[in-house]
Each structure stands twice: as C-alpha cells, then as structure tokens.
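Reviewing the structure listed below.
Residue numbers (my numbering), protein chains in the order written: chain A, 7 to 608; chain B, 4 to 146.
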C-alpha cells in the first residue's frame with residue numbers, strides 16, 4: 007500500500023488517478039478504458055474508410071475501363087486475324103480449283119485419258135506445293151478412264167457417289183469441293199471435282215487435296231498455347247484436325263453458328279475434348295467459307311486471351327492490397343500513438359485535478375475553520391466567564407455542603423470542557439493559518455532533536471523507544487522551522503500513539519539527503535499497529551481521525567500535509583497492518599516562490 | 004492608585020455583562036458598550052485607563068476603533084480580546100499600537116494580569132508625556 011500526496015511542486019509524481027474522485031479504481035477506470043477502445047476503433051475505422059475506399063474505387067474504375075479496352079482490342083484482333091486466315095484458306099482452295107479447271111478446259115477427254123498425258127498434267131498443276139495427292143479422269147458412267155496417284159483406284163466406279171451425281175446432273179459449269187470423307191481408301195480426305203465437256207459429252211476431272219498440306223494451311227495461325235483453328239462443316243463435323251483434342255471427321259462440341267459472311271466473335275463455354283467436365287470460358291471468332299460451306303473457327307481460352315489485362319489486374323490488386331495494408335498499419339500505429347498521448351494527457355489532467363481537489367479541500371476547510379472557530383470562541387468565552395462568576399460567588403455564599411460539592415464538580419467540568427473546546431478551535435485556527443510561512447535556514451537534525459526531547463517523556467510512558475538516526479553533515483534547508491516542528495511533533499506523537507495496543511515498540515527517525523539531491527528526507531517509521539488499506543487514502547483528510555471522541559481533532563496530519571505541501575515537499579505513507587507505518591517527508595532545499603510570504607529578518 | 008477605569012467593547016451584551024461583573028468584583032470600574040461608534044463616543048466623553056476591544060463587530064470594527072482612538076489625544080491603552088480566527092489581525096492591531104492581545108475564551112486571571120500591565124503602561128506613558136510637557140514648558144521659559 008503506497009500513497010503519495012505531493013506538495014505544490016510534486017504533483018506530477020503522483021500516480022495517475024481515475025476519472026472521478028469518488029471511486030478512484032472502480033468503474034471509472036474501465037469506463038475510460040472502454041472510451042479509449044471506442045476512440046481507437048473509431049479513428050481506425052474512419053481513417054481506413056476515408057483512405058481505403060477511394061483507393062478501391064480508383065482501382066475498380068481503372069480495372070473496369072482497362073478490362074473493357076483490352077477486351078475490345080482482343081475481340082478486334084480475333085476478327086482481323088480470322089479475316090486474314092479465311093482469305094488464306096479460300097485463296098488456297100480457289101487456286102487448286104482454278105488449276106484443275108484450267109486443265110479441264112485446255113485438254114480434251116481423249117488427251118487426258120492417256121495416262122502419260124494425265125501424269126504430265128498432274129505434274130504441272132502439282133508443280134511446287136504438292137497440294138494434290140492424285141488426279142483422275144472419270145467418264146459419264148463414273149468409271150476411271152485414267153488415274154495418277156499412289157492408290158489403286160482404276161477399277162472404282164463413282165457413279166453412286168454424291169459428288170458425281172451432283173456434278174453430272176448440275177449445270178454445265180460446275181465445280182465441286184467435297185467435305186472430308188473416308189472414301190475407298192479409308193483415309194480422311196476431300197476432293198475437288200470439275201466438269202469437263204467435249205461437245206455434249208461430259209466428263210469429270212477429280213483431284214484429292216493432300217490432307218497434310220491443307221492441314222498446314224488451316225492451322226497456320228499462332229494464337230497462344232490454348233488457341234486452335236479448325237474447320238467445321240454445316241453438320242458440325244471437324245474438317246481439319248483440331249490441335250486441342252478431337253479428330254478430323256468427329257463431331258465437334260463447338261456449336262454450328264448461323265451463316266455469316268463477316269467474322270463474328272462469341273464468348274462462352276463451348277466445351278473442349280481436353281476438359282469436357284469443366285469447359286473453360288473461351289473467346290471464339292468464326293466465319294463461313296463460300297465454297298465449300300465450311301465454318302472456319304478460331305478460339306482461345308479467355309484467360310489466356312486476356313492474360314495482359316489479368317496480369318495488370320493482378321499486379322494492381324497486389325499494389326492495392328499492399329497499399330491498403332500499409333494504410334491500415336500506419337493508421338493503427340498513428341492511432342495508437344494518439345491514444346497514448348491522449349491517455350497521458352488525461353492522466354496529467356487527473357493529477358492536476360487531484361492536486362487541485364486536495365488544495366481546494368484544504369482551502370475550504372481552512373475558511374470554514376476560521377469561521378467556526380470565531381463563532382464558537384465567543385459563546386465559549388461567555389460560558390467560561392459565567393462559570394467564573396459562579397465560582398466567585400461560591401466563595402462567599404452559604405450553601406449546603408452537598409450542593410457545594412456538586413457545584414464545584416460541575417464548575418470544574420465546565421472549565422475542562424471549555425478548555426477542550428478551546429483546543430479544538432485553536433487547532434482549527436492553526437489549520438487555517440498555515441498559509442503563512444516564515445522562511446529561514448533550518449537545520450533539520452537539530453530541529454528533530456528538539457522535537458524528540460519534547461516527546462521523550464510521552465514515549466517513555468508508552469513503552470516506546472525513540473531511535474534517532476541523523477545523517478551527519480545534512481545540508482540546511484530553507485523552510486519554516488516552527489511549522490516543521492509542528493509537523494514532526496505530530497508525526498512522532500502519532501507514531502507513539504500507534505503503539506497504544508501493544509504497549510511497546512520503537513520509533514525510528516532517520517534524516518538523509520534525497521536520492522536526486524533536490525532536498526532532504528525525514529523518515530519516521532514505527533512498529534505500531536499500522537494503517538488499514540481502506541482508510542489510508544483518508545488519513546490526510548481534515549477531521550479524519552481514528553482516535554476516540556475528544557482525543558484527536560483529525561486535523562494533525564492534514565495540517566502536516568498542508569505545511570509540507572506549502573513548502574514544496576511531499577508527505578507519503580506506507581503501512582502494513584500489524585507491522586507499522588513509514589511516513590516519509592521530503593523537503594526541497596528551497597521552497598517554491600509562493601511559500602515565501604515572509605523572510606525572517608535576522 | 005485610583006481605581007482602574009475600563010471600557011469594554013464587544014457586540015455581545017451577554018459577554019460584556021459577565022465580564023463587567025467579574026471585573027467589577029475585582030475592583031475595576033467598568034463601562035461596557037456594544038458597538039464601535041459607542042466606544043469612540045465613550046472615549047471622547049470620559050477618561051479610561053484600559054479599553055478591552057473585540058475586533059469583529061458589526062458596523063465599526065475593532066480595527067477602525069483602534070485607529071480612530073489613536074487620533075484622539077488620550078492615553079487609554081487597548082487590549083485586544085478576540086475570538087477571530089486570524090491571530091494575524093491581532094498582531095496587526097499590535098502594530099497599530101494595541102498593548103497586547105488575548106484570544107477568547109480566556110481565563111479571568113489572565114485578563115486581569117494583562118489589564119494590570121496595560122494600566123501600568125498607560126500610567127507610564129502619561130507620566131512621560133506630562134514630564135515631556137513640563138520639560139517643554141521649562142525649556143521654553145529658559146529660552
């Protein structure tokens with residue numbers, strides 16, 4: 007248990023007290039803690055909201071516009087790329103058709119039915135690129151008249167094939183490009199057939215396009231690692247080998263789109279052979295070829311196509327989150343700092359209030375005391391004199407002996423009670439008069455020795471041993487000697503009275519230079535009954551006493567406190583019930599300016 | 004020595020009554036008044052050896068009475084008897100020329116002792132003054 011009641015200059019050393027005076031350690035503290043927590047949350051919330059929300063909005067806006075821009079650009083690139091590619095495929099097919107057409111127009115059936123002639127024509131049209139696998143001449147009945155190529159197809163009759171019937175029954179100028187089919191040779195391929203005429207006689211020049219060459223033409227587009235280009239016929243059958251799963255002549259999961267001459271772009275989950283269960287979102291562009299009616303499709307996973315924007319978004323998100331985190335951390339740190347400053351300031355205010363409270367309490371008690379003393383002293387004086395009158399008359403009057411005896415007893419009681427009241431009013435007067443201090447050099451060791459002499463007799467009769475431990479060479483201080491005498495007299499009397507129950511013990515009075523060398527300390531420690539913790543806060547309050555009625559005024563320690571405080575010192579107490587109390591008086595070498603009401607003239 | 008003439012000044016009649024009785028019983032000639040202005044009036048009208056003066060009174064307070072009494076050409080010594088909280092006021096009264104002070108309540112014997120002292124001082128001052136006057140007259144003649 008430790009309570010420090012500082013003097014004028016010592017207020018800042020006091021332990022921070024709580025909100026309200028009445029319950030220093032009770033709900034007020036938790037109330038204030040809750041207030042700090044609430045403020046903390048509020049500061050953090052508002053700062054965070056006001057800084058992070060704009061950041062997020064900025065991020066979203068940027069993200070929205072950038073994504074939009076990149077999507078539009080990606081789509082337009084899909085369109086241009088497919089347009090170019092479509093031209094390439096169409097041009098290739100047109101070239102093959104025109105070669106074949108030219109051969110059919112410039113040669114007769116008779117000429118071509120000679121295998122050597124057909125072979126030389128085949129070599130001419132197939133000169134560089136090797137786009138044709140074979141070349142055959144077929145008559146009106148579907149029979150091979152001549153054939154150049156790796157397969158043995160001379161005995162095949164084509165009269166039942168769909169392309170044969172289509173050309174023979176169609177108009178005179180007829181070119182036919184078939185879908186991919188397996189045909190007699192059981193290998194996926196497609197053919198180009200052109201109609202030749204010698205007068206009224208119709209014949210057909212038929213060539214197979216080299217599948218490998220066509221595949222290379224179709225797939226000659228670079229579109230990332232998830233991209234692919236393929237051809238579908240109107241039934242949705244692959245006319246080329248898709249590079250991401252699936253095979254030529256298989257049904258594609260990609261839907262057959264309505265006919266369009268311009269390139270269209272769609273986004274969706276079309277399904278792939280690679281990942282049929284969870285198809286990725288894809289961007290696809292498609293266009294229909296004129297002849298044959300094939301749909302050229304280019305598609306790519308959306309995530310890859312928009313990799314740039316995703317990457318930028320990703321980086322931005324990292325920056326965004328890092329910024330948010332930094333803001334949050336900085337906010338928390340700053341707020342914590344602020345709350346700490348607030349807490350410190352509040353504690354200081356509390357201390358100031360506490361000091362002010364104690365001071366104003368003393369001041370108001372002083373004022374009250376002066377008034378009360380005056381008001382009581384006048385009637386006391388009258389009572390005293392009236393008693394005196396009775397006492398005077400008793401000497402001359404005749405009265406019964408019993409009455410006289412009782413009268414004398416009563417008069418003695420009146421006199422002693424008046425004296426008791428006078429002690430009280432004079433204590434009050436002393437208390438109210440402590441504002442004035444006469445400052446001079448005080449040798450504390452000598453002063454305490456004097457006080458000890460004064461109480462020696464009392465200590466002896468109470469069975470208390472007084473032990474004086476003065477520090478030799480203790481510097482003199484500037485203070486009011488007579489007031490200090492009163493302080494130590496009071497402390498020593500209390501210390502002796504504390505042994506009332508046991509009837510023996512010791513009181514130790516020690517003087518020393520204070521640790522910080524700002525002044526002198528006098529420690530009065532006793533082995534008495536000690537002060538219970540529940541009242542230790544009150545012992546310096548005026549009129550607080552534990553002594554029986556009439557024995558103490560309750561002003562002693564309050565006066566001591568007032569004097570020490572006035573002199574710029576501190577009066578503190580530590581106590582343990584049953585072991586004793588230690589009162590420490592700190593006095594500075596020089597009193598504060600306000601204390602010097604009067605300098606003693608030497 | 005003639006009977007000491009005392010002027011009691013206190014606003015409480017009960018107090019002046021009992022004190023008058025006690026002092027009268029002890030052979031003093033006592034006049035009691037209960038206000039500052041009455042006190043000054045009494046001082047102007049009659050000769051008093053000692054004035055026992057309370058400081059705190061309604062109307063003219065003790066301090067004013069003391070100050071104004073000093074203006075009068077009299078030798079009356081003043082004894083302050085106060086129940087007032089601040090002894091400082093009593094000390095200030097001493098500076099103004101009061102003989103001594105006592106605080107209420109006091110013992111009649113203490114009061115009597117102080118009154119005796121005041122009477123002696125008054126007599127001494129008066130004597131000195133008269134001697135001074137005589138000296139003045141003598142010196143004035145010789146010149």
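The beta-carbon is built from N, C-alpha and C at its ideal position, and this holds for glycine as well.
This structure is a prediction, so every number in the text was calculated from the model and none was measured.
Neighbour flag for residue i against chain B, beta carbons, 9 Å
i	result
residue 491/A	no
residue 386/A	yes
residue 428/A	yes
residue 360/A	no
residue 424/A	yes
residue 496/A	no
residue 580/A	no
residue 381/A	yes
residue 3/A	Lying outside 7 to 608, the shown extent of chain A, residue 3/A is not represented and no answer is given.
residue 398/A	yes
Spatial distance of residue i from residue j (CA atoms)
i	j	result
residue 23/A	residue 362/A	Here the model assigns residue 23/A a pLDDT of 37, short of 50, so the residue's position is not dependable and the matter cannot be decided.
residue 532/A	residue 62/B	53 Å
residue 129/B	residue 112/B	26 Å
residue 390/A	residue 598/A	43 Å
residue 110/A	residue 167/A	20 Å
residue 109/B	residue 143/B	48 Å
residue 191/A	residue 76/A	48 Å
residue 28/A	residue 417/A	Any reading at residue 28/A must be qualified, since the residue scores a pLDDT of 40, below 50, and its modelled position is unreliable; the value itself is stated next. Taking the straight line joining both Cα atoms gives about 46 Å.
residue 181/A	residue 293/A	22 Å
residue 460/A	residue 466/A	11 Å
residue 523/A	residue 481/A	10 Å
residue 235/A	residue 291/A	10 Å
residue 145/A	residue 132/A	22 Å
residue 66/B	residue 103/B	14 Å
residue 30/B	residue 575/A	54 Å
residue 5/B	residue 123/B	12 Å
Reduced DSSP category for residue i - H, G, I as helix; E, B as strand; rest coil
i	result
residue 245/A	coil
residue 518/A	strand
residue 587/A	strand
residue 264/A	coil
residue 45/B	helix
residue 99/B	coil
residue 406/A	coil
residue 645/A	It is not possible to answer for residue 645/A, since the shown part of chain A is limited to 7 through 608.
residue 392/A	helix
residue 138/A	strand
residue 125/B	helix
residue 581/A	strand
residue 6/B	coil
CB contact below 9 Å: residue i versus chain A
i	result
residue 24/B	yes
residue 98/B	no
residue 106/B	yes
residue 95/B	no
residue 21/B	yes
residue 28/B	yes
residue 123/B	no
residue 78/B	no
residue 135/B	no
Bridge partner(s) assigned by DSSP for residue i
i	result
residue 302/A	237/A, 293/A
residue 473/A	514/A
residue 209/A	202/A
residue 592/A	527/A, 576/A
residue 532/A	513/A
residue 446/A	485/A
residue 80/B	53/B
residue 187/A	195/A
residue 152/A	143/A
Distance cut-off 8 Å: residue i Cβ against heavy atoms of the ligand NAP
i	result
residue 24/B	As presented, the structure is devoid of all ligands, the ligand NAP included, so that no description of it is given.
Beta-carbon neighbours of residue i, restricted to chain C and to distances below 9 Å
i	result
residue 44/B	No chain C is present in this structure, whose protein chains are A and B.
* Asked: With a cut-off of 8 Å, do at least 3 Cβ pairs link the segment 577 to 584 of chain A to the segment 536 to 543 of chain A?
  -> yes
* Asked: Per the contact definition of three or more C-beta pairs closer than 8 Å, is the segment 79 to 96 of chain A in contact with the segment 378 to 397 of chain A?
  -> no
* Between the segment 39 to 51 of chain B and the segment 76 to 87 of chain B, are three or more C-beta pairs nearer than 8 Å? -> yes
* Is the segment 249 to 269 of chain A in contact with the segment 325 to 341 of chain A, if contact means three or more CB pairs nearer than 8 Å? -> no
* Specify whether the segment 58 to 69 of chain A and the segment 339 to 349 of chain A touch according to this definition: at least 3 beta carbon pairs, one from each stretch, less than 8 Å apart. => no
* Asked: When the Cβ atoms of the segment 93 to 106 of chain A are set against those of the segment 218 to 228 of chain A, are three or more pairs found closer than 8 Å?
  -> yes
* Is it true that the segment 402 to 418 of chain A meets the segment 585 to 597 of chain A, where meeting means three or more beta-carbon pairs spaced less than 8 Å apart? -> no
* Is there contact here, the segment 36 to 47 of chain B with the segment 10 to 27 of chain B, by at least three beta-carbon pairs under 8 Å? -> yes
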